[in-house]
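When the count follows my numbering, it moves up by one through the sequence shown with no breaks and lands on 891 for the last residue.
Note that the Cβ used here is the ideal one computed from N, Cα and C, for glycine as well.
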Amino acid sequence: MDKNIKIYIAGHRGLVGSAIKRELERKGYNNLVYKTHSELDLTDSIAVTEFFKKEKPDWVIQAAAKVGGILGNSKFPVEFMLENLKIQNNIIENSYKNSVKKLLFLGSSCIYPKNTPQPMKEEYLLSDYLEQTNEGYALAKICGIKLCNYYNREYGTNYMSVMPCNLYGIGDNYHPENAHVIPMLIRRFHEAKINNLSETVVWGTGTPRREFLFADDLAEAVVYLMENKNANEVGEFINIGSGYDMPISEIVELIKETVGYKGKLVYDKTKPDGTMLKLMDVSKINALGWNAKTNLKDGLKIAYNDFLSKMM
């Protein structure tokens, strides 16, 4: 593989994009292109068009997105749908116009219907109703998958789409309200520990089961696919996950143990649980030669150390 090919990473500062950047650098790729939001607003079609005309990347990894947890998605469905549609449409369209050789689009497991049979197979897409709490975001991601697939069918492009399960790791968003469950609880338990709180509230019932994947494992899978596979081998899209899940209550206990918080946990059952089951079927990606490496306990230690480094 030519390590001097020009690779554009959209969203290089986010959890996923930064992990992909680290993996590409680790493997010796030395012609990486990326821009901060202040340098390039990906919702601005004119700016994105000019960027692609100037840079002419060989590969594009589309990891840029407006993301958030249940609260953010529920309160701001317009923003989550519209901004993501603008970002991905601008990048995918300009990739075609500028003869990008290979593109990888990152979606989310929330594309699957709320009551999807478990584990979730790729063919279950659009087979039933979506979970309402993040429907706008999910619809935007589904449009991204379909747009990549349509370009492949109509114009013979080589655009792949991957659907990761819930992610966590280095560079996560630790916002107290808009973060996903693991970084939110890392922050909540850490603050409870340093403030000597006797109890801490956890949203929901703790009964839903969730699958989590360390972001650097996802990055390894992404680079593996870019180096070794093409769209015709991947199909419309492919799941990427750890292949196992556990109840939220057990995950909460692992985070509590990792942080070292000793107080009592109180579950606020008035808050939404979201989808009860979300386990990916990863047989397809495993058959293509990739498997997750990092177990949750080890990954949480790395994530907590990352959080502490940001608090210093």
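task: Would you mind working out which of Ala589, Ser597, Glu634 and Lys582 sits nearest Phe793, comparing C-alpha positions?
output: Working through the sequence shown from its first residue, we reach residue 793 at position 214. Measuring from the Cα of Phe793, the nearest candidate turns out to be Ser597.
task: Return helix, strand or coil for Ser740, following the three-state DSSP convention.
output: Against the sequence shown, residue 740 aligns to sequence position 161. Three-state DSSP puts Ser740 in a strand.
field: For Phe793, the first and last residue of its enclosing beta strand (DSSP E)
entry: Position 214 of the sequence shown, counted from the first residue, corresponds to residue 793. Where Phe793 is concerned, the enclosing beta strand (DSSP E) stretches over Phe791 to Phe793.
message: Let me check understanding here. Comparing Cα to Cα, which of Tyr716, Cys689 and Glu634 lies closest to Asn677?
response: Position 98 of the sequence shown, counting from 1, holds the residue named residue 677. It is Glu634 whose Cα lies nearest to the Cα of Asn677.
message: Can you list, in chain order, the residues of its chain with a C-beta nearer than 6 angstroms to that of Val813? Leave out the 5 residues immediately preceding and following it.
response: Working through the sequence shown from its first residue, we reach residue 813 at position 234. Cβ neighbours of Val813 beyond the five flanking positions: Met739.
field: Residues bridged to Asn818 [DSSP beta-bridge criterion]
entry: If you number the sequence shown from 1, residue 818 lands on position 239. Answer is Met742.
- prompt: Would DSSP call Pro762 helix, strand or coil?
  reply: Counted from its first residue, the sequence shown places residue 762 at position 183. Of the three classes helix, strand and coil, the one that applies to Pro762 here is helix, per DSSP.
query: Based on Cα-Cα distance, which residue from Glu604, Asn811 and Tyr846 lies nearest to Gly735?
result: Your numbering for residue 735 matches position 156 in the sequence shown. For the residues Glu604, Asn811 and Tyr846, the minimum Cα distance to Gly735 belongs to Asn811.
task: Confirm, please, whether the CB-CB distance from Lys850 to Gly750 is below 8 angstroms.
output: Translated into positions along the sequence shown, residue 750 becomes position 171. Translated into positions along the sequence shown, residue 850 becomes position 271. Taking 8 angstroms as the Cβ cut-off, Gly750 and Lys850 do not qualify as a contacting pair.
field: Pairwise C-alpha distance: Phe684 and Arg732
entry: Position 153 of the sequence shown, counted from the first residue, corresponds to residue 732. Position 105 of the sequence shown, counted from the first residue, corresponds to residue 684. For Arg732 and Phe684, the distance between alpha carbons rounds to 16 angstroms.
field: Residue interval of the alpha helix (DSSP H) (run including Tyr675)
entry: The residue labelled residue 675 in the question sits at position 96 within the sequence shown. First-last of the alpha helix (DSSP H) with Tyr675: Pro656 to Lys676.
message: Let me make sure I understand the geometry here. Which of Glu604, Thr615, Val679 and Met699 has the alpha-carbon closest to that of Ser862?
response: In the sequence shown, the residue the question calls residue 862 occupies position 283. Ser862 has its Cα closest to that of Met699, out of Glu604, Thr615, Val679 and Met699.
- request: Identify whether Val639 lies in helix, strand or coil by the three-state DSSP scheme.
  value: Counting from one through the sequence shown, the residue named residue 639 turns up at place 60. The answer is strand: DSSP assigns Val639 an E or B state.
field: Euclidean distance between Cα positions of Lys606 and Val838
entry: To locate residue 606, count along the sequence shown from 1; it is residue 27. To locate residue 838, count along the sequence shown from 1; it is residue 259. Distance between the alpha carbons of Lys606 and Val838 is about 32 angstroms.
message: Can you tell me where the beta strand (DSSP E) holding Val780 begins and where it ends?
response: As a working mapping, residue 780 is identified with position 201 in the sequence shown. Looking at the DSSP string, the run of the beta strand (DSSP E) that includes Val780 is Glu778 to Trp782.
query: Could you give the distance in angstroms between the alpha-carbon of Lys614 and the alpha-carbon of Phe631?
result: Numbered from 1 along the sequence shown, position 35 holds the residue referred to as residue 614. Numbered from 1 along the sequence shown, position 52 holds the residue referred to as residue 631. Distance between the alpha carbons of Lys614 and Phe631 is about 12 angstroms.
- request: Look at the Cβ atom of Ser706, then the Cβ atom of Pro692, and state whether they are nearer than 8 angstroms.
  value: Position 127 of the sequence shown, counting from 1, holds the residue named residue 706. Position 113 of the sequence shown, counting from 1, holds the residue named residue 692. Contact flag set, yes.
field: Contacts around Ile765, its chain only, beta-carbon distance under 7 angstroms, and the 5 residues preceding and following it disregarded
entry: For this step, residue 765 is matched to residue 186 along the sequence shown. Tyr753, Ile834, Val838, Ala882, Tyr883 and Phe886.
- request: Identify the continuous alpha helix (DSSP H) that holds Lys892 and give its terminal residues.
  value: This structure cannot speak to residue 892, because the chain is shown only from 580 to 891.
message: Output needed for Leu726: all residues of its chain with C-beta closer than 6 angstroms, excluding positions within five of it in sequence on either side, in chain order.
response: As a position in the sequence shown, residue 726 is number 147, starting the count at 1. Counting only Cβ-Cβ distances below 6 angstroms, and skipping sequence neighbours, we find Ile671.
task: Might you give, ordered along the chain, the residues of its own chain that have their beta carbon closer than 7 angstroms to the beta carbon of Lys681, omitting 5 neighbours on each side?
output: Stepping through the sequence shown from its first residue, residue 681 is reached at position 102. Counting only Cβ-Cβ distances below 7 angstroms, and skipping sequence neighbours, we find Trp638, Asn737 and Met805.
message: If distances are taken between C-alpha atoms only, which option among Val595, Ala643, Phe768 and Leu746 comes closest to His616?
response: Taking the first residue of the sequence shown as position 1, residue 616 is located at position 37. The residue with the shortest Cα to Cα distance from His616 is Ala643.
message: By the three-class DSSP mapping on this structure, what secondary structure does Leu704 have?
response: By one-based count along the sequence shown, residue 704 stands at place 125. Three-state result, Leu704: coil.
message: Classify Ser687: buried if its beta carbon has 16 or more other beta carbons within 10 angstroms, exposed otherwise.
response: To locate residue 687, count along the sequence shown from 1; it is residue 108. Buried.
- prompt: Residues bridged to Pro692 by DSSP?
  reply: Your numbering for residue 692 matches position 113 in the sequence shown. The partner list for Pro692 (beta bridge, DSSP) is empty, contrary to what the question assumes.
- prompt: Of all the options His769, Val657 and Glu756, which has the alpha carbon lying nearest to the alpha carbon of Ser888?
  reply: Position 309 of the sequence shown holds residue 888. Comparing Cα-Cα distances from Ser888 to each of His769, Val657 and Glu756, the minimum goes to His769.
task: Run the CB neighbour count on Pro755, radius 10 Å, all protein chains shown included, and call it buried at 16 or more, exposed below.
output: As a first step, residue 755 must be located in the sequence shown, where it is residue number 176. Classification for Pro755: exposed.
task: May I ask which residues mark the beginning and end of the alpha helix (DSSP H) holding Leu726?
output: Here residue 726 refers to the residue found at position 147 of the sequence shown. Start and end: Glu714 to Tyr734.
task: Just tell me which of Asp581, Leu879 and Glu618 has its CA closest to the CA of Val760.
output: The sequence position of residue 760 within the sequence shown is 181, counting from 1. Comparing Cα positions, the closest option is Leu879.
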